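In the order they appear, the protein sequences are chains A and B.
For the first sequence, position 264 (counting from the first letter as 1) is numbered 264 according to the UniProt record's numbering, and the numbering increases by one without interruption.
For the second sequence, position 128 (counting from the first letter as 1) is numbered 128 according to the UniProt record's numbering, and the numbering increases by one without interruption.
Note that CB positions come from ideal geometry on N, CA and C, so glycine has one too.
The structure presented is a predicted model; accordingly, all values stated were derived computationally and were not measured.
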Amino acid sequence: MTSLMGDPDVTGRFGEFGGRFVPESLMPAVIELEAAFREAWIDPAFRGEYTATLESYAGRPTRLYLAERLSAQVGAEVWLKREDLAHTGSHKINNVIGQALLARRMGKTRLIAETGAGQHGVATATAAALLGLEAKVYMGEVDVARQSLNVFRMRLLGAEVEPVTSGSRTLKDAVNEAMRSWVAALDDTHYCIGSVMGPHPYPWMVREFQRVIGDEARTQFLKAKGSPPDWVVACVGGGSNAAGTFAGFVDTPARLVGVEPAGGAAIGRGVGGIVHGMQSFFLQDEFGQVNEATSISAGLDYPGVGPEHAFLHTVGRARYDQITDDQVLEAVQLLARTEGIICALESAHAIAWLVEHQEEIAGASVVVTLSGRGDKDAETIAARLGFLEGDGHA
Amino acid sequence: MLEATLQALRAKGRHLLVPYLMAGLDPDWLSYVDLVIERGADAVEIGIPFSDPSMDGPVIQRAGEMALARGVTPLSVLAELGSRSFPVPLIVMTYYNIFHHMGEERAVRQLRSAGVQGVIIPDLPLEEGGRWRDLATKEQLDTVQLFSPATPDERIDEILAVAQGFVYGVGLMGVTGERAELAATATTMATRMRPRTSLPVLIGIGISSGDQAAAVIRAGADGVVVGSALLRRVLDNQSPQQIALFIDELRGALDTTEP
Chain A
1 MTSLMGDPDV
11 TGRFGEFGGR
21 FVPESLMPAV
31 IELEAAFREA
41 WIDPAFRGEY
51 TATLESYAGR
61 PTRLYLAERL
71 SAQVGAEVWL
81 KREDLAHTGS
91 HKINNVIGQA
101 LLARRMGKTR
111 LIAETGAGQH
121 GVATATAAAL
131 LGLEAKVYMG
141 EVDVARQSLN
151 VFRMRLLGAE
161 VEPVTSGSRT
171 LKDAVNEAMR
181 SWVAALDDTH
191 YCIGSVMGPH
201 PYPWMVREFQ
211 RVIGDEARTQ
221 FLKAKGSPPD
231 WVVACVGGGS
241 NAAGTFAGFV
251 DTPARLVGVE
261 PAGGAAIGRG
271 VGGIVHGMQS
281 FFLQDEFGQV
291 NEATSISAGL
301 DYPGVGPEHA
311 FLHTVGRARY
321 DQITDDQVLE
331 AVQLLARTEG
341 IICALESAHA
351 IAWLVEHQEE
361 IAGASVVVTL
371 SGRGDKDAET
381 IAARLGFLEG
391 DGHA
Chain B
1 MLEATLQALR
11 AKGRHLLVPY
21 LMAGLDPDWL
31 SYVDLVIERG
41 ADAVEIGIPF
51 SDPSMDGPVI
61 QRAGEMALAR
71 GVTPLSVLAE
81 LGSRSFPVPL
91 IVMTYYNIFH
101 HMGEERAVRQ
111 LRSAGVQGVI
121 IPDLPLEEGG
131 RWRDLATKEQ
141 LDTVQLFSPA
151 TPDERIDEIL
161 AVAQGFVYGV
171 GLMGVTGERA
181 ELAATATTMA
191 TRMRPRTSLP
201 VLIGIGISSG
211 DQAAAVIRAG
221 ADGVVVGSAL
231 LRRVLDNQSP
241 QQIALFIDEL
251 RGALDTTEP
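Put into C-alpha cells, the structure is as follows:
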C-alpha cells in the first residue's frame, strides 16, 4: 500500500484484506487480467476511449445537485451525486464499460456476469450490445422471480440469463456459478464482476472504473463551494459506488460514511473470512458457513463486502453504519416528495442515514451518492406500502 | 506419512486409487468409506461440506447441501473420523474459509488428532498458502497442491517446490463432475507432470470410468482421484454391491494397465 485508495501491492492486499483465493485453474486468468488492466489503465488511448464512451454514451459527467428541500428537512446542506441519471439507471455502467473495453482489448468475445437485483446484469448486457460481445448473466432463481423486469431487459438486450438453482439461489450463488462457468471458458470469456469484490485485481480494478463518481463529485463540489464537503455518504453492499465515491475524497478532510443494510451488514455484523476469492468480512455461522443476507434491496443483498471497505473500516478512515428496511421505505418517500426523485432502494439507505444522523450533520455539507433510480423497485415498494390498493397515502 | 505411504505403494508397482466421498451426506456415510477401502482404495479423500463450493459441479454441490441440511459441521466430521481408525490414509478436502474460521493452528491440530494425513484446499493457491503450509508441515499434515492444464511450466515448477503428499493434476478446465469422454487435457496433464516430479502423480476431475483411469495411467499418471462418478451412484441410492462393482472396475483398470 502506497497510500489510502492507491494501487494495491502485487498480492492485491489492502492491509490484511483482499488477496487472491482462487483455484489454480483460475490463477493464470486472474494474473493475465491484472497485467492487462495495469497496462491498459496507464495507456492514454485506453483511458481516452473509456472516458469518451462514458461521456458520449453513458451520459457523464452526472450532475451534482443541491437538494434544497431535502436539505431543509434534514438540517444540512445535501448535494446528490446523480448516478441515477447515468445510462441504464445506475452507476453500474461505469464499471462494465471499463471491463467490456478491457475484455475486447484482451481479445475476448464474450462476457459473463453475476447479478442480484439485475442492475449489473442489465449494464453488462448493455455494454456487450454496444461492443458486439456475447453476454451471459447468472442470476439466482429467487432473484429471477423477484426482478422479472430486469430479466426481460437483459433478454431484450440480447443477453442469455441463466437461473442459478444451487445453494440459497441468490446473489452469492450466482457468483459461484459464474466462477464455475468461467473456468471452462477462459479462452474467449471475460468474467465481468459487478462490485469491488472477488480476487485481485477485481476490487482494485472495479474501484478504479468507479472512481469517476468521486473524481467528478469532488471537482463539482469544489467548483460550487471552494472547499471539500464535511461528509461523504454512500450505500454499501459489495461497495462499488461507495468505493468510487470515497476514492475522490479519501485525501480530503471529509468524513466518509458507508451505509449497510441491517440485514446484510458484513462490516457491522460479519466476521473475517475468505470467500469468493477474497479475504474480507462475511455473514457466517459459527463454523464458517456463509449466511444469506436479507435486505429489502436486492442490490445490497450480499453477505460479504469489498476488501478495501474492510480495510477502510479497520484503519478508521471510513465509518460504516446500518439502516433498516423500514427506514429505507421512509427515505424513498421523503426523497420522492421533497425532490421529485424516485431513487433505488439501495441508494435510499444513504438518504435514510441523513435522517438518522440529523443531529450529527446539523449545518454541515454532505455529498450523497444516489447510486441508481427506483423504477426497478416500484413493485417492491408498492407491495410494502400498499399503494396498489390504496389512495396514495402511506 | 501420506506421501511415504503412497510412495511405498508406487514402488511396488501399484497404481493408486483415491476415491472422494462427502462427509455426512447420510448418517451411515462411514460405511461408504469402509466399502471403498475394502475394494482397494489406497487413500480416501473426505469432503467437508461448505456453503459456497465454487470449484464443484452439481453432484458434489448436492452432496454438500444434503450434508449441511443434516447439520454436519467441520467439528462433527472430524469427531467421527477421530472416533475410529482406518487402514489407509485420509485426506480432507474443503474450502479455505472452513480452516480460516476455525483458526489455522487449531484446524491443523484438530485434523491431526482426527487421524487426517493430508488436506486439499482448492481455493488456497501457492501465493496465499505460505502460512498454512508452515503450520501444517510442522504437524506432519501434507498439503496437496493442484496443477491445472492452464498452469504454465514455470509456475508448475514453483508449485512443485512446495508440493507434498502427491501431485493432484486437474484433468480438465472446469469444475468437478463426470464426463462421458475423457478430456484430452487429462492425459496431457499426466504426461506434463510425470517427468517434473518424483511425487506420485494423480489425475482427478472428470475421471468417470475404468477406461478413463486406464488412459491416464498409460499417459504416465500413477493413479486417479474419483469423486463425482462415485458420489452420483451414492446419491442415486445404488446398493453397496453396485458401488463395489464400480470401485472394482476402477481397481481392475488400474491393476491391469501398463504405463
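Hey, could you find the ends of the beta strand (DSSP E) residue i is sitting in?
i: residue 133 of chain A; result: Neither: residue 133 of chain A is in no beta strand (DSSP E) and is coded neither H nor E.
i: residue 163 of chain A; result: 160-164
DSSP state of residue i, grouped into three classes?
i: residue 91 of chain A; result: coil
i: residue 163 of chain B; result: coil
i: residue 147 of chain B; result: strand
i: residue 96 of chain A; result: helix
i: residue 22 of chain B; result: strand
i: residue 186 of chain B; result: helix
i: residue 210 of chain B; result: helix
i: residue 191 of chain A; result: strand
i: residue 236 of chain A; result: coil
i: residue 6 of chain A; result: coil
i: residue 259 of chain B; result: coil
i: residue 7 of chain B; result: helix
i: residue 260 of chain A; result: strand
i: residue 19 of chain A; result: coil
i: residue 112 of chain A; result: strand
i: residue 124 of chain B; result: coil
i: residue 106 of chain A; result: coil
i: residue 248 of chain A; result: coil
i: residue 12 of chain A; result: coil
i: residue 358 of chain A; result: coil
i: residue 51 of chain B; result: coil
i: residue 169 of chain A; result: coil
i: residue 1 of chain A; result: Note that residue 1 of chain A has pLDDT 42, beneath the 50 cutoff, so the model's placement of it is unreliable and the number below is only indicative. DSSP places residue 1 of chain A in coil when its eight states are reduced to three.
i: residue 82 of chain B; result: helix
i: residue 110 of chain B; result: helix
i: residue 236 of chain B; result: coil
i: residue 77 of chain B; result: helix
Would you mind reading off the limits of the alpha helix (DSSP H) that contains residue i?
i: residue 256 of chain B; result: 240-256
i: residue 381 of chain A; result: 378-385
i: residue 31 of chain A; result: 27-41
i: residue 284 of chain A; result: Note, residue 284 of chain A: premise wrong, no alpha helix (DSSP H); not H, not E.
i: residue 205 of chain A; result: 202-225
i: residue 95 of chain B; result: Taken as a continuous stretch (DSSP letters only), residue 95 of chain B belongs to no alpha helix (DSSP H), as it is neither H nor E.
i: residue 32 of chain B; result: 29-38
i: residue 474 of chain A; result: Limits of chain A in this structure are 1 at one end and 394 at the other, which puts residue 474 of chain A out of reach.
i: residue 118 of chain A; result: Unbroken run through residue 118 of chain A: none, as it is neither H nor E.
i: residue 60 of chain B; result: 58-69
i: residue 44 of chain B; result: It is not in any alpha helix (DSSP H) - residue 44 of chain B instead sits in the beta strand (DSSP E) that spans 44-47.
i: residue 196 of chain A; result: No alpha helix (DSSP H) holds residue 196 of chain A; DSSP gives it neither H nor E.
i: residue 45 of chain A; result: 44-56
i: residue 14 of chain B; result: Premise fails: residue 14 of chain B is in no alpha helix (DSSP H) and is neither H nor E.
May I ask you to list the residues that DSSP assigns as paired with residue i?
i: residue 81 of chain A; result: A:64, A:369
i: residue 201 of chain B; result: B:167
i: residue 73 of chain A; result: Bridge partners of residue 73 of chain A: none, in fact.
i: residue 231 of chain A; result: A:255, A:366
i: residue 142 of chain B; result: B:118
i: residue 273 of chain A; result: A:280
i: residue 177 of chain B; result: Answer by DSSP bridge pairing: none, since residue 177 of chain B is not bridged.
i: residue 226 of chain B; result: B:19
i: residue 138 of chain A; result: A:114, A:162
Report yes or no: do the segment 63-70 of chain A and the segment 11-30 of chain A share at least 3 C-beta pairs separated by less than 8 Å? no
Three or more C-beta pairs below 8 Å linking the segment 85-100 of chain A and the segment 357-375 of chain A: yes
Does the segment 125-144 of chain A come close enough to the segment 106-113 of chain A that 3 or more CB-CB pairs lie under 8 Å? yes
Does the segment 196-205 of chain A touch the segment 76-89 of chain A, meaning 3 or more C-beta pairs lie closer than 8 Å? no
To test your reading of the DSSP string, which unbroken beta strand (DSSP E) runs of 3 or more residues are found completely within the segment 276-355 of chain A? 278-282, 318-323
Taking 8 Å as the threshold, find out whether the segment 241-256 of chain B comes into contact with the segment 218-230 of chain B through three or more Cβ pairs. yes
Should the segment 303-311 of chain A be regarded as contacting the segment 8-24 of chain A, the criterion being three or more beta carbon pairs within less than 8 Å? yes
Can you confirm whether the segment 314-328 of chain A touches the segment 350-370 of chain A when touching is taken to mean that 3 or more C-beta pairs between the two stretches lie within less than 8 Å? yes
Flag this pair as touching only if the segment 358-367 of chain A and the segment 335-347 of chain A have three or more C-beta atom pairs under 8 Å; answer yes or no. no
Should the segment 209-228 of chain A be called in touch with the segment 262-278 of chain A, which here means at least 3 C-beta pairs below 8 Å? no
Okay, do the segment 69-80 of chain B and the segment 234-245 of chain A touch, 3+ Cβ pairs below 8 Å being the bar? no
How about the segment 200-218 of chain A and the segment 136-151 of chain A: do they share at least three Cβ pairs that are nearer than 8 Å? They do not touch, by the three-pair rule.
Inter-stretch contact (C-beta, 8 Å, three-pair minimum) for the segment 141-157 of chain B and the segment 110-122 of chain B: Yes: at least three Cβ pairs fall under 8 Å.
Near-chain C residues of the segment 119-142 of chain B - C-beta to any C-beta below 9 Å: The structure shown contains no chain C; its protein chains are A and B.
Would you call the segment 198-210 of chain B and the segment 170-190 of chain B touching, i.e. three or more CB-CB distances under 8 Å? yes
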